[in-house]
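Below is one structure, written out as structure tokens, with a few remarks after it.
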Amino acid sequence: ALGLFFLHLLLFGIHEAGWLPFPMPESLFGHPLHVLYTPFSAILVAEVYLLVYHLPSSFARSMGKQLEIVSLIEIRSVFKDLSVLQESDGSSLIWPWQDPFFPHIVGAVLLGASLVAFYRILPRRMARIEDHELARFIRFKRHVAALLGVALALIAIWSFGQWCLDILHHAQEGTGTLLDPNAIFYHDFFTVLIFVDVILLVTSLRYLSNYGLILRNSGFVVATIILRLSFGMEGWGAVAHEVLAALLALSLLLLQAGLQWGDRRFGPEDTGFSASE
40 ALGLFFLHLL LFGIHEAGWL PFPMPESLFG HPLHVLYTPF SAILVAEVYL LVYHLPSSFA
100 RSMGKQLEIV SLIEIRSVFK DLSVLQESDG SSLIWPWQDP FFPHIVGAVL LGASLVAFYR
160 ILPRRMARIE DHELARFIRF KRHVAALLGV ALALIAIWSF GQWCLDILHH AQEGTGTLLD
220 PNAIFYHDFF TVLIFVDVIL LVTSLRYLSN YGLILRNSGF VVATIILRLS FGMEGWGAVA
280 HEVLAALLAL SLLLLQAGLQ WGDRRFGPED TGFSASE
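Residues in the sequence shown are numbered consecutively from 40, following the numbering used here.
Set out below in structure tokens:
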């Protein structure tokens, strides 16, 4: 991330000095703070890797990583919108909510607050009795995560190639708008992630008899779909869908905790739930 930051900073300096023989997109070189866009992109790549890493071990922590990724995308979008920053000349009053980056700031703060509550409620992992069927399910999840990692690499290579071709076309023509990196990569990645979550959910029904876990994991799939839909939106529409997904995940975690409390309080024979996870 640090190396990419200095590389972008160097290219920005060369661009400002007019030493480049071709035009560069203003969305990347129109403002000094656009340089911060690059290291945030590298951090996001690391977060996506951690999402794939946590997928075999915990459905809930994978959901938390999805919310972390979206919140960081919102922060990164602030730097992208600085090129259209509205500056007041003193004769007119500009309110903060009139700036194009304001929805991204609100979205990042609300998602961050939701994550604080999410990880606060998320129960710590407890030692489980080894079971042959459960071990098979864990191995299956690891294989699925490995395939998701391969898909992630292929999507990243394809998206980066498309983005580079877009920049090359811009340099040759000197016109046009760059593709949104969120629409290029994360749109496709979350689409694949939805199918992976559904596969894991359906497979888990063979091994889980706890209603709270089944309800929670099913709701997490819905939350992932809502996050996926937010990438096709802008402004407050995207923020509303992201916050809805976060609140849904948080509510399902609370419901699971309540059902587990009832299981411990009355016993599985009274509630109809199995004590196994």
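Backbone N, C-alpha and C define an ideal beta-carbon position, used for all residues, glycine too.
As the structure is a prediction and not an experimental result, all values here were calculated from the model.
Please state whether the Cβ-Cβ distance between residue i and residue j is less than 8 Å.
{"i": "residue 33", "j": "residue 260", "result": "Because the chain spans 40 through 316 in this model, residue 33 falls outside it and cannot be assessed."}
{"i": "residue 243", "j": "residue 256", "result": "yes"}
{"i": "residue 111", "j": "residue 83", "result": "yes"}
{"i": "residue 109", "j": "residue 75", "result": "no"}
{"i": "residue 258", "j": "residue 299", "result": "no"}
{"i": "residue 141", "j": "residue 73", "result": "no"}
{"i": "residue 235", "j": "residue 183", "result": "yes"}
{"i": "residue 284", "j": "residue 253", "result": "no"}
{"i": "residue 78", "j": "residue 41", "result": "yes"}
{"i": "residue 277", "j": "residue 102", "result": "no"}
{"i": "residue 233", "j": "residue 267", "result": "yes"}
{"i": "residue 270", "j": "residue 226", "result": "yes"}
Report the CB separation of residue i from residue j in whole angstroms; it is logged as a contact under 8 Å.
{"i": "residue 195", "j": "residue 224", "result": "7 Å"}
{"i": "residue 156", "j": "residue 289", "result": "6 Å"}
{"i": "residue 180", "j": "residue 94", "result": "7 Å"}
{"i": "residue 161", "j": "residue 106", "result": "The Cβ separation is near 12 Å, so there is no contact."}
{"i": "residue 246", "j": "residue 173", "result": "6 Å"}
{"i": "residue 292", "j": "residue 99", "result": "7 Å"}
In terms of residues, what are the limits of the alpha helix (DSSP H) holding residue i?
{"i": "residue 236", "result": "226-243"}
{"i": "residue 113", "result": "98-119"}
{"i": "residue 86", "result": "76-93"}
{"i": "residue 259", "result": "250-269"}
{"i": "residue 72", "result": "No alpha helix (DSSP H) contains residue 72, which DSSP labels as neither H nor E."}
{"i": "residue 140", "result": "Where residue 140 is concerned, there is no enclosing alpha helix (DSSP H), given that its DSSP letter is neither H nor E."}
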